[in-house]
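Take the sequence shown: its letter number 364 is residue 364 in UniProt numbering, and every next letter is one higher.
Even glycine gets a Cβ: it sits at the ideal position worked out from N, Cα and C.
Everything numeric in this text was worked out from a predicted model, so none of it was measured.
Shown next, in structure tokens, is the structure this report addresses.
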Amino acid sequence: MFTKETYINRRKRLKSKLDKGIALIMGNVDASMNYPQNTYHFRQDSTFLYFFGLDHAGLAGLIDFESGEEMLFGDDFTMDDIIWMGPQPKLKENAEKVGINQSYPLSNLNKVIQKALSQGRTIHFTPPYRGKNMIAMGALLNLHPAKVKDQASTELIKACVALRSVKEPCEIEEMERHMATAYAMHTTAMKMAHPGKTEQEITGALEGISMSGGGIVSFPIICSIHGETLHNHYHGNTLQQGDLLLVDAGSESPLHYATDNTRTSPVGGQFTQKQKEIYQIVVNTNNKALAATKPGITYKEVHLLACKTMAAGLKDLGLMKGDMDEAVAQGAHALFMPHGLGHMIGLDVHDMEDYDQQLVGYDDEVRPSSQFGLSALRMGRKLETHFVVTNEPGIYFIPALIDQWKKTGKFADFINYPQVESYKNFGGIRLEDDILVTETGSRILGKRIPINPEDVEQMVKSGC
Numbered sequence: 001m002f003t004k005e006t007y008i009n010r011r012k013r014l015k016s017k018l019d020k021g022i023a024l025i026m027g028n029v030d031a032s033m034n035y036p037q038n039t040y041h042f043r044q045d046s047t048f049l050y051f052f053g054l055d056h057a058g059l060a061g062l063i064d065f066e067s068g069e070e071m072l073f074g075d076d077f078t079m080d081d082i083i084w085m086g087p088q089p090k091l092k093e094n095a096e097k098v099g100i101n102q103s104y105p106l107s108n109l110n111k112v113i114q115k116a117l118s119q120g121r122t123i124h125f126t127p128p129y130r131g132k133n134m135i136a137m138g139a140l141l142n143l144h145p146a147k148v149k150d151q152a153s154t155e156l157i158k159a160c161v162a163l164r165s166v167k168e169p170c171e172i173e174e175m176e177r178h179m180a181t182a183y184a185m186h187t188t189a190m191k192m193a194h195p196g197k198t199e200q201e202i203t204g205a206l207e208g209i210s211m212s213g214g215g216i217v218s219f220p221i222i223c224s225i226h227g228e229t230l231h232n233h234y235h236g237n238t239l240q241q242g243d244l245l246l247v248d249a250g251s252e253s254p255l256h257y258a259t260d261n262t263r264t265s266p267v268g269g270q271f272t273q274k275q276k277e278i279y280q281i282v283v284n285t286n287n288k289a290l291a292a293t294k295p296g297i298t299y300k301e302v303h304l305l306a307c308k309t310m311a312a313g314l315k316d317l318g319l320m321k322g323d324m325d326e327a328v329a330q331g332a333h334a335l336f337m338p339h340g341l342g343h344m345i346g347l348d349v350h351d352m353e354d355y356d357q358q359l360v361g362y363d364d365e366v367r368p369s370s371q372f373g374l375s376a377l378r379m380g381r382k383l384e385t386h387f388v389v390t391n392e393p394g395i396y397f398i399p400a401l402i403d404q405w406k407k408t409g410k411f412a413d414f415i416n417y418p419q420v421e422s423y424k425n426f427g428g429i430r431l432e433d434d435i436l437v438t439e440t441g442s443r444i445l446g447k448r449i450p451i452n453p454e455d456v457e458q459m460v461k462s463g464c
């Protein structure tokens with residue numbers, strides 16, 4: 001946990017943004033794997049963590065914006081719990097740790113909510129994403145569980161987004177400290193990128209490093225020789241000389257802040273000429289985007305700059321042709337990069353995406369696009385100091401997409417399909433860093449994971 005004052009101040013700032021009604025902030029409960037007592041590793045709700053900091057199941061927080069009261073609801077552990085889990089702090093003790101002086105049994109929560117509803121008061125909450133909480137909140141709010149998300153409070157969501165988007169010094173310190181684990185994960189993957197190794201072996205090693213560093217992986221690891229599949233969670237392939245191994249992996253810190261990095265390595269330690277040419281375009285694109293990232297610019301602008309940089313490099317190789325500014329404006333480049341440049345990152349790997357992605361990544365000035373590729377940009381709005389975002393350009397050769405576009409002659413003025421055909425078995429390359437927006441620009445969090453082709457080759461060879 002951070003200091004008691006951190007959570008007191010966060011709730012105080014939230015109360016300054018809303019003046020009517022009550023905020024109901026539900027913590028998570030244990031989720032069963034295959035029978036009730038066999039549960040998944042507990043992961044607390046991020047909004048509850050942000051405002052209440054307690055990493056225990058079965059808690060709920062309440063903030064009254066009119067009276068200023070703050071309450072914590074939960075049940076003390078029974079003797080049976082203690083026998084299996086050891087001594088546990090009382091609810092009151094936990095409340096005091098985060099500066100709350102009102103704590104009540106969980107059964108009292110229904111009484112408080114029903115009283116507020118009978119008085120016509122607004123109950124603010126963020127959209128639940130787990131079934132048990134949907135059911136519990138449906139019972140509290142007299143709603144069908146399937147209808148609960150529809151009643152989520154836009155006011156509360158916007159207030160939470162405004163607070164959580166700007167990372168506090170203690171958050172930045174936590175994220176930066178944990179980048180050492182991310183570095184170890186990705187350099188280990190590089191060292192293991194040799195013929196005969198399996199994707200599953202490498203994935204298992206990375207999960208172990210994450211746990212050793214203090215937390216679970218922040219999302220299911222992508223470790224694949226088929227990097228052209230953007231979210232490839234299949235780990236059944238054996239690496240062969242000449243393959244490209246794409247590893248997109250992150251870890252949660254002890255306080256649940258996420259890392260999210262991607263590196264692509266040549267199996268055996270030597271890029272082919274064709275691989276190195278594409279790889280260098282992605283490196284150049286990543287570096288150009290990093291240099292452009294600063295307060296006041298929209299991330300949509302940075303994304304488009306990255307796309308133009310990538311397209312220019314592909315034109316130099318004869319894969320694209322014509323006016324690259326116009327090609328990007330029309331979306332022709334999305335054949336090779338059908339996703340956005342990045343997203344916010346913090347307590348969630350896609351930070352706050354449980355709220356509403358448009359409210360997190362966009363605003364009244366910058367609106368989402370319906371154009372293929374650009375529509376997948378999760379973060380488009382203006383950057384502010386102490387935002388943390390990912391910078392993850394990539395180039396992919398997706399056979400089914402190439403065939404579809406080629407068949408219809410789509411963007412034939414910009415895409416050299418005969419040349420693209422010779423790359424259909426290439427795979428994909430993505431290079432991703434976590435970026436802190438500073439007062440005057442931006443910087444990579446932690447020690448940069450090797451990214452220059454020569455450094456990556458050397459790291460792979462060091463694992464022989």
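Does residue i come out as helix, strand or coil in the three-state DSSP assignment?
| i | result |
| --- | --- |
| Ala-205 | helix |
| residue 465 | No answer is possible for residue 465: the residues shown for the chain start at 1 and end at 464. |
| His-186 | helix |
| Ser-32 | strand |
| Lys-406 | helix |
| Thr-229 | coil |
| Ile-135 | helix |
| His-124 | strand |
| Val-283 | helix |
| residue 476 | No information on residue 476 is available, as it lies outside the stretch 1 to 464 that the chain covers here. |
| Ser-370 | coil |
| Met-1 | coil |
| Met-344 | strand |
| Asn-38 | strand |
Going by C-alpha to C-alpha distance, which of the options sits closest to residue i?
| i | options | result |
| --- | --- | --- |
| Ala-306 | Ile-297, Ala-95, Asn-284 and Leu-317 | Asn-284 |
| Asn-391 | Thr-6, Met-344 and Phe-77 | Met-344 |
| Glu-174 | Asp-434, Ser-253 and Gln-357 | Ser-253 |
| Lys-274 | Phe-77, Asn-425 and Gln-119 | Asn-425 |
| His-303 | Lys-410, Thr-238 and Pro-393 | Pro-393 |
| Ala-400 | Leu-246, Gln-200 and Glu-228 | Glu-228 |
| Leu-106 | Ile-395, Tyr-299, Ala-31 and Gly-27 | Gly-27 |
| Pro-145 | Ile-135, Thr-154, Ala-152 and Ser-153 | Ile-135 |
| Ser-462 | Thr-188, Asp-316 and Gly-322 | Thr-188 |
| Leu-49 | Met-192, Val-247 and Lys-97 | Lys-97 |
| Lys-308 | Ala-162, His-333 and Ile-157 | His-333 |
| Met-459 | Ala-184, Met-79, Phe-42 and Met-71 | Ala-184 |
| Pro-195 | Gly-138, Leu-230, Asp-243 and Tyr-396 | Asp-243 |
| Ser-375 | Asp-351, Gln-330 and Ile-415 | Gln-330 |
| Ile-22 | Phe-125, Tyr-129 and Cys-464 | Phe-125 |
| His-186 | Asp-55, Asn-9 and Thr-264 | Thr-264 |
Which residues share a DSSP beta bridge with residue i?
| i | result |
| --- | --- |
| Pro-266 | Leu-244 |
| Ala-258 | Glu-252 |
| Ser-442 | Val-437 |
| Gly-394 | Arg-430 |
| Leu-72 | Gly-61 and Ser-103 |
| Leu-24 | Leu-62 |
| Ser-224 | Leu-246 |
| Ile-415 | Met-320 |
| Met-310 | Bridge partners of Met-310: none, in fact. |
| Thr-238 | Thr-198 |
| Val-388 | Leu-436 |
With respect to 7 Å, is the separation between the Cβ of residue i and the closest non-hydrogen atom of the ligand FMN below this value?
| i | result |
| --- | --- |
| Phe-125 | In terms of ligand content, the structure shown is empty, and the ligand FMN therefore cannot be addressed. |
Among residues of its own chain, excluding the 5 on either side of residue i, which ones have a beta-carbon nearer than 8 Å to its beta-carbon?
| i | result |
| --- | --- |
| Glu-439 | Pro-295 and Thr-385 |
| Thr-39 | Asp-30, Ala-31, Ser-32 and Met-33 |
| Met-85 | Phe-77 |
| Tyr-362 | Pro-368, Gly-380 and Arg-381 |
Using C-beta distances below 7 Å, list every residue in its chain close to residue i, excluding the 5 sequence neighbours before and after it, in chain order.
| i | result |
| --- | --- |
| Ser-442 | Leu-290, Thr-293, Lys-294, Ile-435 and Leu-436 |
| Asp-260 | Ser-218, Gly-250, Ile-345, Val-349, Thr-390, Glu-432 and Asp-434 |
| Tyr-7 | Phe-51, Phe-52, Gly-53, Val-98 and Gly-99 |
| Leu-317 | Glu-277 |
| Gln-371 | Gly-331 |
Please report the Cβ distance between residue i and residue j, rounded to the nearest whole angstrom; I am assuming they are in contact, meaning their Cβ atoms lie under 8 Å.
| i | j | result |
| --- | --- | --- |
| Ile-225 | Gly-427 | 7 Å |
| Ala-116 | Ser-103 | Not really, about 18 Å apart at Cβ, beyond 8 Å. |
| Leu-239 | Leu-245 | 6 Å |
| Phe-65 | Lys-15 | 6 Å |
| residue 471 | Gly-322 | Absent from the model: residue 471. The displayed extent of the chain is 1 to 464, so no value can be given. |
| Ser-46 | Leu-359 | About 15 Å; that fails the 8 Å criterion. |
| residue 482 | Ala-193 | In the structure as shown, the chain starts at 1 and stops at 464, and residue 482 therefore has no counterpart that could be examined. |
| Asp-76 | Lys-90 | 5 Å |
Who are the Cβ neighbours of residue i in its own chain at under 6 Å, not counting the five residues just before and after it?
| i | result |
| --- | --- |
| Leu-109 | Ala-60 and Phe-73 |
| Lys-132 | Val-29 |
| Pro-450 | Val-456 and Met-459 |
| Lys-382 | Thr-298 |
| Leu-314 | Met-320 |
| Asp-248 | Ile-222 and Thr-262 |
| Ile-113 | Leu-140 |
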